[in-house]
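Each remark here refers to the structure printed beneath this line.
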Amino acid sequence: MSRRYRYLPVGWFWYLGTLMPVIGLIQVGYHAMADRYAYVPLVGIFVIISWGVSDIFSRLFARRILLILLAATVVSVSVIVSWQQVQYWQNSMTIFQHALNVTKNNYQAHQGVGNILFSRGNIDGAIAHYMEALRFKPDHAEVRNNLGMALMYRGKFEEAMNQYLEALRIKPNQAKVYNNMGVLLAKQEKMESAIAYFREAVRIDPDFAGAKGNLQVALQVQENSTRLQAR
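Counting from 1, position 92 in the sequence shown corresponds to residue 106 in the working numbering; the numbering is continuous, with no gaps.
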């Protein structure tokens with residue numbers, strides 16, 4: 015290959031050389047959907063495109079004017095497309111909603127919308143999205159746990175407990191689920207059972223400050239109740 019076309023192997027080997035370490039031949043997690051790993055490798059492709067276009071236009075008449083027109087067109091289209099994409103990235107809700115609009119059976123987007131609605135106090139909306147997420151992925155332990163919390167806030171204690179139990183069946187030894195079960199039982203004034211679940215949460219995760227605090231409060235409530243009954 016002549017010196018004139020050296021940009022072809024340079025760009026191609028840059029692409030391959032920087033992509034191979036992160037290509038993930040054995041996929042872990044969501045690597046297959048993570049486009050960030052292509053940012054640096056794509057520099058090589060852009061090198062080929064840039065030098066290639068320049069090389070092609072060097073043979074044409076009035077190449078300077080054509081290059082200016084091409085560059086202006088590319089920049090204009092890029093600005094418009096970027097502006098459209100930025101609208102979807104205003105906040106977490108807009109990006110998750112866009113994901114729901116352009117994909118099917120997207121349990122992650124339903125989970126994301128459900129979490130946002132839950133944080134905003136829209137419990138019924140959150141429950142609807144959690145249920146939809148579980149329709150596509152019934153074995154999602156985290157969604158089960160989140161749905162349990164939403165149902166608990168709605169006072170549907172039995173349904174909430176069922177979701178917590180299912181979350182533990184799918185993925186045992188989750189401290190946050192045991193903690194939530196303790197909170198649910200404490201709301202029902204079943205303090206002895208609540209204490210047992212709080213202790214289990216702390217046993218699994220000794221650094222779980224929330225569970226420790228709940229356990230302390232539950233023990234204090236139990237002690238006060240015992241004192242009142244003794245009078």
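Positions of the beta carbon are idealized from the N, C-alpha and C atoms, including for glycine.
Query - Supposed close pair Ile59, Gly25 - CB separation, criterion 8 Å - result: Mapped onto the sequence shown, residue 59 falls at position 45. Mapped onto the sequence shown, residue 25 falls at position 11. Between Gly25 and Ile59 the Cβ distance is about 6 Å, and since that is below 8 Å, they are a contact.
**Report entry** Cβ-based burial, Gln177 [other Cβ within 10 Å; buried from 16]
**Finding:** For this step, residue 177 is matched to residue 163 along the sequence shown. Its Cβ being crowded by 16 or more others within 10 Å, Gln177 is buried.
Requested in this report: Thinking Phe212 and Ala223 are a contact (beta carbons under 8 Å), I'd like their distance in whole angstroms, please.
Outcome: Sequence index remark: in the sequence shown, residue 212 carries index 198 (1-based). Sequence index remark: in the sequence shown, residue 223 carries index 209 (1-based). No, Phe212 and Ala223 are not in contact; Cβ-Cβ is about 12 Å, not under 8 Å.
**Report entry** Among Ser239, Tyr102 and Tyr51, the one whose alpha carbon lies nearest that of Met34
**Finding:** As a first step, residue 34 is located in the sequence shown; it is residue number 20 there, counting from the start. Ranking Ser239, Tyr102 and Tyr51 by Cα distance to Met34 puts Tyr51 first.
**Report entry** Inter-residue Cα distance where the pair is Asp153 and Leu179
**Finding:** Taking the first residue of the sequence shown as position 1, residue 153 is located at position 139. Taking the first residue of the sequence shown as position 1, residue 179 is located at position 165. Answer to the nearest angstrom: the Cα atoms are 12 Å apart.
Query raised in the report: The alpha helix (DSSP H) spanning Pro23 covers which residue range?
Result: Residue numbering aside, residue 23 sits at position 9 when the sequence shown is read from its first letter. For Pro23, the enclosing alpha helix (DSSP H) stretches over residues Tyr21 to Leu33.
Query - Simplified DSSP assignment, three categories, for Trp103 - result: Here residue 103 refers to the residue found at position 89 when the sequence shown is read from its first residue. Coil.
Query raised in the report: What is the DSSP secondary structure of Gln177, reduced to helix, strand or coil?
Result: Counting from one through the sequence shown, the residue named residue 177 turns up at place 163. Looking at Gln177 - three-state DSSP - the assignment turns out to be helix.
Query - Inter-residue Cα distance where the pair is Ala164 and Tyr53 - result: Position 150 of the sequence shown, counted from the first residue, corresponds to residue 164. Position 39 of the sequence shown, counted from the first residue, corresponds to residue 53. Between the C-alpha atoms of Ala164 and Tyr53 there is a straight-line separation of about 39 Å.
Query raised in the report: Nearest to Asp219 by CA position, among Ala123, Val88, Asn193 and His112, is which residue?
Result: On the sequence shown, position 205 is the one that residue 219 refers to. Cα-wise, what sits closest to Asp219 is Asn193.
**Report entry** Secondary structure of Asp153, DSSP reduced to three states
**Finding:** Here residue 153 refers to the residue found at position 139 when the sequence shown is read from its first residue. Coil, per DSSP.
Query raised in the report: If you run the structure through DSSP and keep just helix, strand and coil, what is Gln188?
Result: Position 174 of the sequence shown, counted from the start, is the residue given in the question as residue 188. Looking at Gln188 - three-state DSSP - the assignment turns out to be coil, as it is neither helix nor strand.
**Report entry** Cβ shell of Asn120 (< 7 Å), same chain only, five flanking positions each side left out
**Finding:** Numbered from its first residue, the sequence shown carries residue 120 at position 106. If we look at Asn120 and ignore the five residues flanking it on each side, its Cβ neighbours are Ala113 and Leu114.
Query raised in the report: Apart from the five residues just before and just after Val57, which ones in its own chain have a Cβ nearer than 7 Å to its Cβ?
Result: Locating residue 57 in the sequence shown gives position 43, where the first residue counts as 1. Taken in chain order, the residues that qualify are Trp28.
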